[in-house]
Amino acid sequence: MSAALANPAPVTHRLGDEWLMAYAAGTLSEGQSLLVAAHLSFLDDAAERLAVAEAAGGALFETVSPELMAPDALARTLARLDAPATPAPVPVAPRVGADDPLPAPLRNWLGGGVDDLKWSFLGPGMKKVKLWRGGPNDQRLWMLRAQPGVSVPKHGHRGTELVLVLKGSFSDPHGRFRPGDVEESDDNRMHALGIDEGEECICLALTEGPIRFESWPARLVQPFIGL
Ligand code: ZN
C-alpha cells in the first residue's frame with residue numbers, strides 16, 4: 400500500500416449539500432450519482448453528511464406550499480424519500496484494491512480497475528476514456544489520465560463541470576485538488592489545469608455539452624477527441 404493511501408490528505412474541496420440532497424433523493428442522473436458516490440467514498444463522515452442532507456431535503460419539501468405543487472407531487476416526493484432502495488449506488492463501501500485508485504462505487508460500476516479501461520490519446524501526456532453519456536444537458540462522464548507536469552489547455556464549459564481527483568493532484572487558479580477533492584466549474588469559468596509533479600493524475604469528470612477550448616490548436620483537434 401502506498402503512503403498516500405495509508406495517510407490520505409483530508410478532502411478540502413467538498414461537493415455542496417445541494418448535490419448530496421439530490422443524490423439522497425435519487426434525482427441525479429446515473430453519471431452524476433456515480434461521481435457523487437465516488438466523492439463520498441473518500442470522506443470519513445459520508446454517512447453522517449448523507450443523513451443530514453436527506454433530512455434537510457425532506458424538511459425542504461415539507462415547507463413548500465402544497466398549492467404550488469402538482470396535485471400528486473408531494474405524495475410522489477414523499478414516496479420517493481420513503482422508498483427503501485434509491486437508484487443511487489451505496490457510497491460507504493471501502494475502496495477495493497490497494498494499488499488501484501478507483502473508489503468502490505466506480506470500480507463496481509465499471510467491473511474492473513483503472514488498467515482494464517480502454518484509454519485513448521487526448522493530447523501530449525494525456526489519455527481519456529469515455530464512460531457514459533446521457534441525462535439532461537448532454538452530460539458526459541469520462542476520465543482523464545495525465546502525466547506529471549502536463550498542462551490541460553485553457554477551456555470553458557457550456558454548463559456545470561465536476562472534476563473529482565482519484566489519484567495525484569492538479570492546480571489551477573482556484574486551488575490545489577488532491578484525491579477526493581472536487582472542482583465545480585460553471586459556464587462563466589475558464590481554467591487551465593496544471594498537473595502537479597511527482598505522480599500521474601487520474602480524474603473522473605462530468606461535463607455538460609462539449610468543452611470550449613480557448614486556443615485554435617486545441618479547437619482543431621476537438622472533433623477527434625469527442626469531448
Ligand atoms: Zn474544466
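Each residue of the sequence shown is one higher than the last, beginning at 400 in this note's numbering. Yeah, the Cβ is synthetic: ideal placement off N, Cα and C, and Gly gets one too.
My guess is that L509 and V551 are in contact by the Cβ rule of under 8 angstroms, so how many angstroms apart are they, rounded? Not confirmed; about 23 angstroms, so no contact.
Could you please give the first and the last residue of the uninterrupted beta strand (DSSP E) stretch that includes E607? 600 to 607
Measure the Cβ-Cβ separation of G534 and G430 and say whether it is below 9 angstroms. yes
Shorter than 8 angstroms, the distance from the beta carbon of T559 to the closest heavy atom of ligand 1, or not? no
6 angstroms Cβ shell around N536 - same chain, five flanking residues per side excluded: G558, E607
Indicate whether the contact test is met: 3 or more Cβ pairs, each with one atom in the region 413 to 433 and one in the region 585 to 601, closer than 8 angstroms. no
DSSP three-state assignment for E596, whether helix, strand or coil: coil
State buried or exposed for L427, treating a residue as buried only when at least 16 other CB atoms are found within 10 Å of its CB. buried
Are there any heavy atoms of ligand 1 lying less than 8 angstroms away from the beta-carbon of V562, as far as the coordinates show? yes
Output needed for E560: all residues of its chain with C-beta closer than 6 angstroms, excluding positions within five of it in sequence on either side, in chain order. S584, T606
Determine the closest residue to L543 out of W518, A437, R575, D443, with distance taken between C-alpha atoms. W518
Within the present structure, is the beta-carbon of S440 separated from the nearest heavy atom of ligand 1 by less than 8 angstroms? no
What does DSSP give as the partner residues of D571 in its beta bridges? G574
Do you know how far the Cα of M525 is from the Cα of E613? 18 angstroms
Can you name the start and end residues of the beta strand (DSSP E) that P552 belongs to? 550 to 555
Residue environment, W541, which counts as buried when at least 16 other CB atoms sit within 10 Å: buried
Beta-carbon separation of V513 and K566 under 9 angstroms? yes
Based on Cα-Cα distance, which residue from F576, W531, D515, R539 lies nearest to H438? F576
Check: H590 C-beta below 8 angstroms from any heavy atom of ligand 1: yes
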